[in-house]
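See below for the structure under consideration.
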Amino acid sequence: MIPLHVQAVSKTFHPPKRPKVEALKNVSLKLEAGKIHGLLGPNGAGKSTLIGMISGTLIPDVGSIEIFGVDILKQVRNAKMLMGVVPQEITVEMAFTVREVLYYFSGMYGVPVKERNPRIDAVLAELDLTDKAEERARNLSGGMKRRLMIAKAILHKPKFLILDEPTAGVDVALRQRIWQLVRRLNAEGTTILFTTHYLEEAEQLCDSITLINHGKVIREGNLKELQKEFAQNTIHFELFDTSVEHLPKVKAVGVEFEYPLVDLEADMHAITSHYNGNLKSIKSGAASLETIFLELTK
Ligand SMILES: Nc1ncnc2c1ncn2[C@@H]1O[C@H](COP(=O)(O)OP(=O)(O)OP(=O)(O)O)[C@@H](O)[C@H]1O
Ligand SMILES: [Mg+2]
Numbered sequence: 005m006i007p008l009h010v011q012a013v014s015k016t017f018h019p020p021k022r023p024k025v026e027a028l029k030n031v032s033l034k035l036e037a038g039k040i041h042g043l044l045g046p047n048g049a050g051k052s053t054l055i056g057m058i059s060g061t062l063i064p065d066v067g068s069i070e071i072f073g074v075d076i077l078k079q080v081r082n083a084k085m086l087m088g089v090v091p092q093e094i095t096v097e098m099a100f101t102v103r104e105v106l107y108y109f110s111g112m113y114g115v116p117v118k119e120r121n122p123r124i125d126a127v128l129a130e131l132d133l134t135d136k137a138e139e140r141a142r143n144l145s146g147g148m149k150r151r152l153m154i155a156k157a158i159l160h161k162p163k164f165l166i167l168d169e170p171t172a173g174v175d176v177a178l179r180q181r182i183w184q185l186v187r188r189l190n191a192e193g194t195t196i197l198f199t200t201h202y203l204e205e206a207e208q209l210c211d212s213i214t215l216i217n218h219g220k221v222i223r224e225g226n227l228k229e230l231q232k233e234f235a236q237n238t239i240h241f242e243l244f245d246t247s248v249e250h251l252p253k254v255k256a257v258g259v260e261f262e263y264p265l266v267d268l269e270a271d272m273h274a275i276t277s278h279y280n281g282n283l284k285s286i287k288s289g290a291a292s293l294e295t296i297f298l299e300l301t302k
């Protein structure tokens with residue numbers, strides 16, 4: 005069964021007294037079961053709009069979306085039971101305790117009464133929220149609220165999990181924990197769709213990616229193949245002093261710099277003689293996803 009099949013979906017917003025926004029234009033997407041899939045694109049590309057439609061909170065103008073063969077528009081409740089969704093915006097039931105929130109959602113998603121508390125305890129432990137179980141949701145920190153949202157989404161053990169920027173603004177330890185969780189759920193057969201702006205995260209986690217920009221799919225496929233296509237065409241180097249005048253074609257990528265490789269010997273020579281003693285390290289290799297991304301979205 006295909007976890008997600010999006011066919012030719014478009015969505016235009018008509019905000020009052022402002023110009024319309026064509027958020028998605030004829031987007032199609034098909035996910036392979038059991039894989040981790042990254043939905044990537046710049047701010048405003050349309051990722052959350054697409055996720056809103058997949059999860060049944062937004063209605064497409066045209067097109068269809070099926071979750072394991074169930075049409076989200078025609079059978080919204082059935083389709084929703086098959087997936088877990090962690091939206092980008094933090095939304096928790098402020099007035100209730102963590103356990104009350106989770107108990108309510110486990111009921112809504114059909115977890116049998118006897119299993120609810122043991123399952124809630126397991127999820128709380130995995131997300132390091134055990135000692136916050138009786139705390140009101142409004143008193144949680146931002147990162148804890150994010151964890152509560154993840155807990156809500158996985159209680160009913162969905163076979164398809166969607167996470168919209170799950171690691172935005174979370175600390176390093178929590179990010180690692182979320183990665184672990186994503187890997188464990190995936191190893192147990194859950195198909196994952198997630199968005200992130202941390203490209204190294206996508207590199208580490210994703211089997212395949214879809215790149216969207218201005219509401220359109222501009223590239224999709226296997227991440228390794230995409231990297232292979234852009235592979236061996238880049239020289240990476242680091243500098244001690246980064247505030248120097250650069251060679252043309254040099255691009256800053258995180259703490260590194262990248263230079264497009266044409267002729268290894270000549271290019272290496274150009275870089276070493278220009279930066280000289282300022283050069284901390286230099287190597288040739290595959291382009292980072294960040295570079296591929298910038299290439300494809302420019
Ligand atoms: N309810 C709405 N009314 C009007 N415009 C909207 C609405 N929701 C989204 N948009 C617009 O649709 C476009 C796509 O937004 P969307 O939230 O899907 O982007 P995104 O890819 O998730 O970006 P980000 O990485 O910043 O989360 C943006 O131009 C946004 O302003
Ligand atoms: Mg978004």
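Residues in the sequence shown are numbered consecutively from 5, following this note's numbering.
For every residue, glycine included, the Cβ atom is placed at its ideal position computed from N, Cα and C.
For clarity, every value in this text was computed on a predicted model and none was experimentally measured.
Report task. Given a cut-off of 8 Å, decide if H160 and G50 are closer than it, judged by their beta-carbon atoms. Result -> no
key: A137 versus V74 - alpha carbon distance   = 34 Å
Considering only C-alpha positions, which residue in the set D132, A99, P64 and R120 is nearest to G219?
-> P64
Any heavy atom of ligand 2 closer than 7 Å to the Cβ of Q11? no
**Asked** Which class does V80 belong to by DSSP, given the choice of helix, strand or coil?
**Response** helix
| field | Option in G281, S285, D168 and N143 with minimal Cα separation from E262 | value | S285
- From which residue to which residue does the alpha helix (DSSP H) around I63 run? Careful: I63 lies outside any alpha helix (DSSP H) and carries neither H nor E.
### Task
Assuming R223 and L144 form a contact by the criterion Cβ under 8 Å, report the distance between their Cβ atoms to the nearest whole angstrom.
With a Cβ gap of about 38 Å, R223 and L144 do not count as contacting.
(Q) Please give the ranges of any alpha helix (DSSP H) in the stretch 125–190, keeping only runs that are unbroken, at least 4 residues long and fully inside the region. (A) 146–158
Quiz item: Is the CB-CB distance between L131 and A157 below 8 Å?
Solution: no
>> Does the distance between the C-beta of K51 and the nearest non-hydrogen atom of ligand 1 fall short of 7 Å?
In response: yes
Query - Identified DSSP bridge partners for E93 - result: The partner list for E93 (beta bridge, DSSP) is empty, contrary to what the question assumes.
Say whether the stretch 43–57 touches the stretch 11–23, bearing in mind that this needs 3 or more beta-carbon pairs closer than 8 Å, one atom from each stretch.
yes
Residues in its own chain within less than 8 Å of E139 by CB, not counting five upstream and five downstream? T101 and V102
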